[in-house]
Amino acid sequence: MPASAAFSCAFPATKEFAKTIKHVHFKGLLPYLRGNEIQEHIVARALAYRDCQILKRNPRLAANLPKDSPPASHSAVLSFEFEPVYTGGKREKKNTTSKKIDAMDQMKHVSFVQTNRGGQVTFHGPGQIVIYPILDLSAYRGLTSRCYVSTLEKSIIGVLSGDPFHLPAKTTENTGVWVDSKETYNEGTSIKKISSLGVNVRRSVTSHGCSINCKTDLSYVNDPQFVMCGLSEFKQTSISNELGKMDVSLETVSDLFVRQLAGRLGIEEIDRIEIERDNAMEDDVFRRLDDELTVSS
């Protein structure tokens, strides 16, 4: 599927493997740890390929090349809907006590997982699309980590403000994407968070990414006893809450996001792959992903 040409591309792909994006959408609710395991498998492949390319360019290090050099992988975007879970970013690690974790489990019946992404505590669960782009930033001209985060935010805003949602989405001094909600709180405040970001970059390879509240149960994120993203004074909302309807397709939102991201990176082709929950839980999913993502020689 050709990506949209309606964007001004500031970070064009400079390597062939980066000119196609593989959008892998997982259907059905997955355990968060399984999704993270799948993500880490793909990240490890990308890092191994990048490390081998560095060794090849340095004659003094070429002797350290493995006998079977890993193949190049296309840029990938994984999209998930997870079973309920609270996750902590790097900034939250020191503040997450066993007492706080027990409270989440007892009061919400939701487990807590510490991650290596940026940010603080956030929630993932039914009705929310979680999107993990796995890109080698060095394969896109001028795409720094800061520019990458900005590109994610602009892509989310493009999804929310365009067809079919037309929501007044924007960024603020706080991370994430926000909307001017139809509902006010805290003596007239109308701005609410609708999308959270938390990324990790290792040797130019990205992981984690963003989540968009499509038709999320907002009681998980607006409970004053559990502060999301370190922002106790703000509430969250969802697409369905703002539009007053529940028929928001997570698949549609993920597809729109990938097209927005591809357009902003000058990615020429989007190849969509769909994996059912039962297949995602099998060990064979890793071989399938390897086959799907490997660049044909």
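The UniProt record's numbering applies: residue 1 is where the sequence shown begins, and numbers increase by one. Beta carbons: idealized from backbone N, C-alpha and C, even for Gly. All values derive from a computational prediction rather than experimental measurement.
The beta carbon of Thr-216 sits closer than 7 Å to those of Gly-125, Gly-127, Gln-128, Ser-238, all from its chain and outside the five residues before and after it, given in chain order.
DSSP, reduced to helix, strand and coil, places Asn-36 within a helical segment of the structure shown. In terms of Cα proximity to Asp-180, the closest of Glu-242, Val-295, Leu-29, Glu-274 is Glu-242. Comparing alpha carbon positions, the residue from Thr-206, Val-205, Lys-170 closest to Ser-190 is Lys-170. Along the length of the stretch 224-290, whole beta strand (DSSP E) runs at least 3 residues long occupy 269-276, reported in chain order. Straight-line spacing of the CA atoms in Ser-204 and Ser-138 works out to 6 Å. Per DSSP, the continuous alpha helix (DSSP H) segment holding Val-149 begins and ends at 145-161. Apart from sequence neighbours up to five positions away, the residues of its chain that approach Cys-210 with a beta-carbon distance below 7 Å are Ile-131, Leu-152, Ile-156, Ser-195, Ser-196, Leu-197, ordered along the chain. The three-state secondary structure of Asn-213, taken from DSSP, is strand. By the criterion of a C-beta distance shorter than 6 Å, Ser-145 is surrounded in its chain by Val-201, once the five residues flanking it on both sides are discounted. Taking C-beta separations shorter than 6 Å and ignoring five residues to either side along the sequence, His-109 has no partners in its chain. Contact annotation: Asp-278 and His-23 have beta-carbon atoms that are not nearer than 8 Å.
For Leu-135, there is no enclosing beta strand (DSSP E), since its DSSP letter is neither H nor E. In this structure, Ser-79 lies away from Cys-52, with their beta-carbon atoms at least 8 Å apart.
For the set Met-281, Ala-76, Asp-163, the Cα lying nearest the Cα of Lys-27 is the one of Met-281. For Leu-30, the enclosing beta strand (DSSP E) covers residues 20-30.
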